[in-house]
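K.L.:
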Amino acid sequence: MIQQHPSSRIFVLVVVVVLALICTTNGQLATYLDRAKQAENCMIWSSWGGCTWIRGPTREHRWNQPYFKQLSPLCQKSVFYSKLNVFFGKAIENVIQYLKTITLDEKPCGMCSYKQSCGYKCHRRKGDNRYVNRIFVAESLCDERDFNGESQQQACHTAYDALPKENDECQVWPNRAISMPNVTGDYRNIVNDFQMSNCIKTLDDNGKIICRCCCHPYHPHPKTFQCQA
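To convert a position in the sequence shown, counted from 1, into my numbering, add 16.
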């Protein structure tokens, strides 16, 4: 299901949440994926970290660091991300490497780049019908203020020739060739089936077939290629 470009969240973020569910095995997917917001069940929330992405403009750029190192130091130490890194860090980095090979954009695109905040002194008790963030991680879609005035609303340029041939014409995921250690059996099927991006096939300026992709739930406009809900 991963079809996002990079994650519904930066592509990888949705994968992160799915794999976290495998690790924690409680609740339903929609509960975690649709509402990753700061909530009162955590007494303290860290400040928002930098936006995560799959490739940086220079070799030293933080976007060229492994995914977990792009997170803020506080989030790296959180129970959620620290356990995730131990169990599924290699699988996530393998997915990111795949995304790097198919994504032609240097800058964030496709409404896929998110930033995170992590909660501390948290509980999972429900009360007064208030929303409870059960994974103690919140995320927010990055906007122009995070990118020095630039937008990530344009659909990502995706290499059509690099996509798995078993899929539909512009389907990024699943890619069964990617090694995902510790993600096997029914859990791998869950990840394979998860919808993450919406793409359309078009031609680039040189007449070459490419795909234009937006992270779920956004769709590329067929003429402007702006990602829209």
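Each residue gets a CB set at the ideal place from its N, CA and C atoms; glycine is no exception.
Is PHE96 near ASN198, with beta carbons less than 8 Å apart?
P.N.:
Their beta carbons are not under 8 Å apart, which means PHE96 does not touch ASN198 by this criterion.
K.L.:
Report the partner residues of ALA245 according to the DSSP bridge assignment.
P.N.:
Looking at the DSSP assignment, ALA245 forms no beta bridge with any residue, so it has no partner.
K.L.:
If contact is defined by three or more beta carbon pairs under 8 Å, each pair taking one atom from either stretch, is the segment 111-118 in contact with the segment 188-196?
P.N.:
At 8 Å Cβ cutoff, the stretches touch.
K.L.:
Counting pairs of Cβ atoms below 8 Å between the segment 150-170 and the segment 119-127, do you hit three or more?
P.N.:
They touch, by the three-pair rule.
K.L.:
Contact check, PRO236 vs ASN214 under 8 Å by CB: the rounded distance?
P.N.:
Right, the Cβ-Cβ distance comes to about 7 Å (below 8 Å), so this counts as a contact.
K.L.:
Within the continuous beta strand (DSSP E) that includes GLU155, where are the two ends?
P.N.:
Counting along the chain, the beta strand (DSSP E) containing GLU155 begins and ends at 153-157.
K.L.:
Using 8 Å as the Cβ pair cut-off and three pairs as the minimum, do the segment 134-141 and the segment 57-67 touch?
P.N.:
Cβ pair count under 8 Å is three or more, so yes.
K.L.:
Helix, strand or coil for GLN86, going by three-state DSSP, please let me know.
P.N.:
Note: GLN86 maps to helix in three-state DSSP.
K.L.:
Which residue wins for smallest C-alpha separation from GLN132, given the options SER63, CYS231, LYS224?
P.N.:
Of the listed residues, the one whose Cα sits closest to GLN132 is SER63.
K.L.:
Considering only the alpha carbon of each residue, which of TRP189, PRO82, ASP220, LYS217 lies closest to ASN205?
P.N.:
Answer by Cα proximity: TRP189.
K.L.:
Using the Cα positions of ASN149 and GLY143, report the straight-line distance between them to the nearest angstrom.
P.N.:
Spanning the two alpha carbons is a distance of roughly 12 Å.
K.L.:
Return the chain-ordered list of same chain residues with a C-beta closer than 7 Å to the C-beta of SER122, the five sequence neighbours on each side being excluded.
P.N.:
Per the sequence shown, the amino acid found at residue 122 is Glu instead of Ser. So the list reads ARG71, PRO73, once near-sequence residues are dropped.
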